[in-house]
Each structure stands twice: as structure tokens, then as C-alpha cells.
Amino acid sequence: MLQIKDLHAGIEGKEILKGINLTIRPGEVHAIMGPNGSGKSTLASVLAGREDYEVTGGSVEFLGKDLLELAPEARAGEGLFLAFQYPVEIPGLSTINFMKTAVNEVRKYRGQEALDAAEFLKLMKEKMSLVNIDKNLLTRSLNEGFSGGEKKRNEVFQMAMLEPKLAILDETDSGLDIDAIRIAAAGVNAIRSKENATLVITHYQRLLDYIVPDFVHVLYNGRIVKSGGKELALELEETGYSFLKNEMNIA
Amino acid sequence: MSTITTIKDKAQQLGAATQDALQPVRAAALAAFNQLGVPAVKHEEWKYTRISQLFNQPYQLGVDHTNTDAAWQAFRLPEYETANELVFINGVYNAAASTVRSAGLIVLPLEEAAKGEYAQVVNKNLGHSGKYMKDGINALNASFLVGAVFIGVNRSTEIEHPVYIYNITDGRAGNVFAQPRTLVHVAANAGVVLVETYGSIGVADHFTNQVMEVVVEQDARVEYYKIQNDSNRSSLVSTTHFRQVGKSYVHAVTISLNGVMVRNNLNMVMEAEHCDSNMFGLYFTSDSCHVDNHTIVDNAKPHCLSNEYYKGILDGSSTGVFNGKIFVQQDAQKINAFQSNKNILLSDSANVYTKPQLEIFADDVKCSHGCTVGRLDEEGLFYLRSRGVTEASAKSLLLHAFAVDILDQIRHDALRAYVDQLISERLGA
Chain S
1 MLQIKDLHAG
11 IEGKEILKGI
21 NLTIRPGEVH
31 AIMGPNGSGK
41 STLASVLAGR
51 EDYEVTGGSV
61 EFLGKDLLEL
71 APEARAGEGL
81 FLAFQYPVEI
91 PGLSTINFMK
101 TAVNEVRKYR
111 GQEALDAAEF
121 LKLMKEKMSL
131 VNIDKNLLTR
141 SLNEGFSGGE
151 KKRNEVFQMA
161 MLEPKLAILD
171 ETDSGLDIDA
181 IRIAAAGVNA
191 IRSKENATLV
201 ITHYQRLLDY
211 IVPDFVHVLY
221 NGRIVKSGGK
231 ELALELEETG
241 YSFLKNEMNI
251 A
Chain A
1001 MSTITTIKDK
1011 AQQLGAATQD
1021 ALQPVRAAAL
1031 AAFNQLGVPA
1041 VKHEEWKYTR
1051 ISQLFNQPYQ
1061 LGVDHTNTDA
1071 AWQAFRLPEY
1081 ETANELVFIN
1091 GVYNAAASTV
1101 RSAGLIVLPL
1111 EEAAKGEYAQ
1121 VVNKNLGHSG
1131 KYMKDGINAL
1141 NASFLVGAVF
1151 IGVNRSTEIE
1161 HPVYIYNITD
1171 GRAGNVFAQP
1181 RTLVHVAANA
1191 GVVLVETYGS
1201 IGVADHFTNQ
1211 VMEVVVEQDA
1221 RVEYYKIQND
1231 SNRSSLVSTT
1241 HFRQVGKSYV
1251 HAVTISLNGV
1261 MVRNNLNMVM
1271 EAEHCDSNMF
1281 GLYFTSDSCH
1291 VDNHTIVDNA
1301 KPHCLSNEYY
1311 KGILDGSSTG
1321 VFNGKIFVQQ
1331 DAQKINAFQS
1341 NKNILLSDSA
1351 NVYTKPQLEI
1361 FADDVKCSHG
1371 CTVGRLDEEG
1381 LFYLRSRGVT
1391 EASAKSLLLH
1401 AFAVDILDQI
1411 RHDALRAYVD
1421 QLISERLGA
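Read top to bottom, the protein sequences are chains S and A. Numbers 1 to 251, taken from my numbering, label the letters of the first sequence in order. Numbers 1001 to 1429, taken from my numbering, label the letters of the second sequence in order.
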């Protein structure tokens, strides 16, 4: 589904990703962990197409297409979804109106007919109960004045609405208490299927108790330095990232 | 002969030919105009709006206004079937095209009102609002006091439907210079919704210099909407003077979407204690459109509240001007005055000049002001695009979201939907 080969990228001339290799297949859950500044969020941003970042080498193939050639909206159309670490507040635009536009533009991209008001409402109700979000939240200005938990739940709701093939969760657990993490994770799990994949980017192992990964990768200094099963996350929780630094220095 | 000279001659002739109750007002105004002339850019209040260039070409004055064909109807506002419609064509009130539907709404030719039941109201108030607008353009309007209208709302009367005022210029016979004039008197405990709009017929150059005075008595309520979406050949100076002579409430929203040069003077003079007023505005300009909003809030008495919020979206090589003056006179203790102006520039060649101007002579007041000029939020744009919304749609959603808190101030549902539609069309949504 996703094939990242020797990806180099940076911002303002500073190289942050220094050769990432990663393959994700349908149905898999991958977790990328790593200390602050290792390049986790940069990877998420580059995959979603944030224009501030410059790709200086390597390739990313998504469902047979060159992902890096596509505009952010086309990436979403192809089935990529990024749940933001810091969802943007947009006063004056409700989540419902935003989603009405987004769902229909994605459908248009996929060659599907636009949903009419009744169909959209039906879809919305279905997804609302799936991710356990209140309608009041969705009629308010997008993320404005939302708590951290509400913002992340809104991200998961948007994900459910757009039915992505690959969902990237960028530090979805940051700033959330245990209950909020559990609710957000339950939403993500409700959307998972054999056809779609999930890439969880996180600092802590905690989120992985609820979204259980098939593979865990450790990102350090712009490279994936270690990969393993879900037990790797537990190991990291135990030892911290300092051992990596030691290993790297020796190597 | 220059256009200005022609105008002066016309005003002179008009004065000689018309001997009615308004003639002293005309004569005084002409004398003032002769002295002041058209404001030049060296006049601080007209620094960015070169109004004098509009007088560089000939206009027809005193064009036949009896023409009542249906062309003006293209500018009708929503739900006009139940509204009161007052139609000015080339600055002159056209009674045949106008309809007064609501009980209790008084609409009279101004010269008639000046001698009947409302003589005292007219004489006491006409031309008494221009304290801060002693410039030539205001005097010019008053020196042609023909076809003006008196709008009255009697004590304790709530006018059920809005009063739509259409300022139409008909340029099918050539360039037009029009000067509509209205005096509105809202008596104690009365309420009215006034809506002004503008429209040009034909493809000549249109220049409207319009003045409205609104006198608001004790416990009266006025909602006032100004909707400007005129043609690319039309310029406008629109002056609205509010005088809150008793404790009262005014809610004003100015929407400017098109025109060559648009200058709005909105003055709120609070002459009584406990007055409350809102002044909202949205200007959304493109191409070479120029929109200038000059506002004055004059606090003369204590315990008043004014709330002012203008927003601008500027595209192409358009220009926006916002000048918000707040006077707090020595006696006006314990007042609250808020002002904010926010702008988004969509192009490198668009300009905005924004200036808060507070003159405070009282020592126990709360005033705030602020202005911002920025670009469309890149982070917001990326967020929307990452959900599959195209760049064009994302921009449109963000701009609409920016405008919506001003749109929401239009409390008349059909009118708000109408303006929303105009804006959505502009955004290509």
C-alpha cells in the first residue's frame, strides 16, 4: 500500500529525514516511536503534503501512485488521512459544513456522486455513533474552544467520514488523559478493517495499549534504527530512548 | 465650464426657482460649499480617497426622474412584497415607484413635511447632524435639496416590515450625478429597520452623493443595513448621521462589495445617557475597487456603550480604508467603547489603510481598539486541503468563515441569506 524508499526531507535547508524506508500493507498497524526531534512529525507532514517541507531524495509510492507528486487534497482523495497533532481552529466554519464539502470533494475525486443532504446526514449519524461524538460539537466552529480530547475526537470523526485507506495518527495521544485516549483509540479501532492500514506516531507506549500495532519502528535522528513487534514498544517504555543513543554512538 | 462650476450654477438656479421652506437650508449649504469646495487629498479625512477626481468629467444634473419603467426593479431586495419600498431615481424620490405598506410608517416629501405636522421635527433636525462633517461633500448634498424624503415613525410604533431604500441612478441618457437625501425621525419607544441599497441602470458613469440623517428618540430602536454592490462604473459617497437624542439602541451593518470608489461616513452621536450602538462592517473588494469606511462615535454623555467591528477582504489591486474615530467628551464618564478592524489581503497589489483614532477627554472610561492586516491562514488552508478539499474551495471556506461573524449581525433572515448568497457567489462557492 505504502512504500517509502530512502526518503530524505527537510525544512529551510535543514535535513531532518535522512533516508527512511518503510513498507505498509493493507490491514497492518504500524507504530513509529522516537524521542523529540527525531523526525516523527516531519514524516507525517511530508506524507500529507505540507508545503513547508522539501523532499530532497527518495520516493513514496501509495497504492501504485507517486505520492510526492500529488497535491494534499489529491492525497486525501487517494485515501490518505492525517490526524493532526495540533488540529487547527477555524472560527466561523462548523465541522458539519466542512465535512459536507470534504466528503463530496473526495467523492468527486473518486468518481462517486455527491451525497445529497439526507444521505450526508445519514452518513454523519452513522459515523457519529461509531466514534462516539456529540452533535453539538459538530455544529460549533471547527475546533474553536474545544478541549484537547474533543479536538482529537473530532479528528477521528473526520477520519471516519472520509474512510481513508491509510490513516496516519500524529501524536493523537499528546495532551490527552487516559479516558480521552481510550475514547479516541476506540474510534480508530472501530474504523479499522482488513483493507485499510494505520500508522501511529507516538512518543509513549500508552496509546499502543489501545491501538495494538503489528510493527513498531524506532525513529532516531531521521532514520528508522530499529524495527520489531509490539513488544519493542514495551521495551522502550522500560528503558527509554537513551539506550538508542548509546547504541548509535557505538555504531 | 468645469463640472464644479456647472454644479454651482445649477444649485444657484435651483435656489432662485424654488421658494419653499427648505430654501434657507439650501442657501446656507451652497454658501458653505462655495467656501469649502470638494475635499482634496490634503484634507486629513480624505487622504486616501481622491474624491475630486470624480468631478473631472461632466454629469447630467436634474435628469428627468419621472421615468418609472421597471428597470429599477432589478435591484429589489428579498421579500420586497411585504416590505416598504422607497425608490430614489437619480437622487429624486419617485413616489409612483414607491410603496408604503406598513401601518404607522410616515413617508413625505421633505418640503411638505417641513410645513405640516412634522414641521417642527424637520426644522429642529434637518442639517443639524453635520457637526463632524463640515466638509464640502456634505454641503453639496444639502445645496440640492430636491426630491428629498422625510421618514417618520410615531411614538410607540413598531414598523413590522423593513423599509427598503433604493438609491438608483439611471445612466441610460449619459453620466449621472445624484444626491438622494433623507431625514428619518424615530420617535420615543418606536422601532424600525432601514435598509439602503444602490443600483445603476445603463453603462454611463454614475456618481451618488447621498446623505441620511437619523434622529433616534428615547427608548427607540433602529436597525440599519447598507448593502453596496453597485457596478464598475459607479461611485458613491454615502453619509449616515445618527443622533441618539434619547437613551436608545442603534444597530448598523455596512456591507460593501463593489463600486469604483465607495466612501461611507457613518457617524454615531450619542447625545443622551445609556445609549447603546453597534457598528459592523464588511468590505470585500477586488479589481480596482476602492472602499473607504470612516466612522465616528461621539460620546457626549455618560454610561454609553458602542461596539464597532469592521472586517475586510481585499483582492486584486483594490484598496480598503478604515478610519474609526471615537470621541469621549469630558462629561462622558463610565462609557464603554470597543473598536476592531481585521483585514485579509489576498493579493500583493491590494492595500489597506487602517487607523483607529481615539480622543478621550474623560478619565473614567473603558475604550479598546485594535486592527490587524494579514494573509489567509496557511495552516488552516493545509488543514482543509488535507481532508480532500481543493485549494480553491478551502480558500472559499476560510474567507466565508472570516466574514460570517459580520454576516450574522444582519438580523433580518432573508436579507442575511441574500448577502450571504452575494458573498458565496463572489467566493465561487
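C-beta: ideal position from N, C-alpha, C; glycine also.
Per DSSP, reduced to three states, the secondary structure at D1205/A is coil, with no helix or strand assignment. Taking 9 Å as the CB threshold, E105/S lines the interface with chain A. Closest option to N1090/A, judged by alpha-carbon separation, among R1076/A, Q1053/A, V1100/A, V1146/A: V1146/A. Residue burial is scored here from C-beta neighbours: A184/S has at least 16 other C-beta atoms within 10 angstroms and is therefore classed as buried. V1203/A is classed as exposed because its beta carbon has fewer than 16 other beta carbons within 10 Å across all chains shown.
Its Cα nearest to that of S1256/A, the residue F1280/A stands out among N1267/A, M1270/A, V1245/A, F1280/A. Under the criterion of beta carbons closer than 8 Å, E1196/A and I1165/A qualify as touching, at roughly 5 Å. Taking CB atoms only, D1420/A has no neighbour in chain S less than 9 Å away. Note: R223/S is bridge-paired with Y220/S in the DSSP secondary-structure output. Counting only residues of its own chain and dropping the five nearest sequence neighbours on each side, R1416/A has a CB closer than 7 Å to the CB of L1407, I1410. Taking CB atoms only, S227/S has no neighbour in chain A less than 9 Å away. By the Cβ neighbour-count rule, A1032/A is buried, with 16 or more other Cβ atoms within 10 Å of its own. Interface annotation, L43/S: not in contact with chain A, CB-CB separation never under 9 Å.
For S129/S, the enclosing alpha helix (DSSP H) starts and ends at 117 to 131. For R153/S, there are no C-beta contacts with chain A under 7 Å, since the nearest C-beta of that chain is about 16 Å from it.
Listed by position along chain S, the residues whose Cβ is nearer than 7 Å to that of V1373/A form an empty set, because the closest Cβ is around 18 Å away. Interface criterion not met: the Cβ of Y241/S is under 9 Å from no Cβ in chain A. Listed along chain S is no residue with a C-beta nearer than 8 Å to that of Y1283/A; the closest approach is about 17 Å.
V212/S sits exposed, since fewer than 16 C-beta atoms from the chains shown fall within 10 Å of its C-beta. Close to chain A, meaning a Cβ-Cβ distance shorter than 9 Å, are the following residues of the region 60 to 85 of chain S: A71, P72, E73, A74, R75, A76, G77, L80, F81, L82, F84.
The C-beta distance from L1036/A to D1135/A rounds to 6 Å, short enough to meet the 8 Å contact threshold. From the listed residues I1168/A, R1172/A, V1121/A, N1125/A, the smallest Cα separation to N1154/A is found for V1121/A. Around the beta carbon of I178/S, fewer than 16 other beta carbons sit within 10 angstroms, so the residue counts as exposed.
At a cut-off of 3 residues, the continuous stretches assigned as beta strand (DSSP E) that sit fully inside the region 29 to 53 of chain S are 29 to 33. Note on P1039/A: 16 or more other CB atoms within 10 angstroms of its CB, so buried under the neighbour-count rule. Only T101, A102, E105, V106, Y109 from the region 99 to 123 of chain S bring a Cβ to less than 7 Å from some Cβ of chain A.
I1410/A: not part of any alpha helix (DSSP H); DSSP gives it neither H nor E. When Cβ-Cβ separations below 9 Å define contact, F1150/A makes no contact with chain S. Secondary structure note for K1124/A: its alpha helix (DSSP H) is the uninterrupted segment 1119 to 1125. The Cβ atoms of V1222/A and L1194/A sit closer than 9 Å to each other. Considering only K135/S, V106/S, N97/S, the residue with the shortest C-alpha distance to A117/S is N97/S.
Using a CB distance below 8 Å, the part of the region 154 to 180 of chain S facing chain A consists of Q158, L162, ordered along the chain.
For A1070/A, there is no enclosing alpha helix (DSSP H), as DSSP gives it neither H nor E.
Within the DSSP bridge table, the entry for A1148/A names no partner. Within the region 49 to 116 of chain S, the complete beta strand (DSSP E) runs of at least 3 residues fall at 53 to 62, 80 to 83, 90 to 94. The region 163 to 177 of chain S makes contact with the region 190 to 198 of chain S; the number of CB pairs closer than 8 Å reaches 3 or more.
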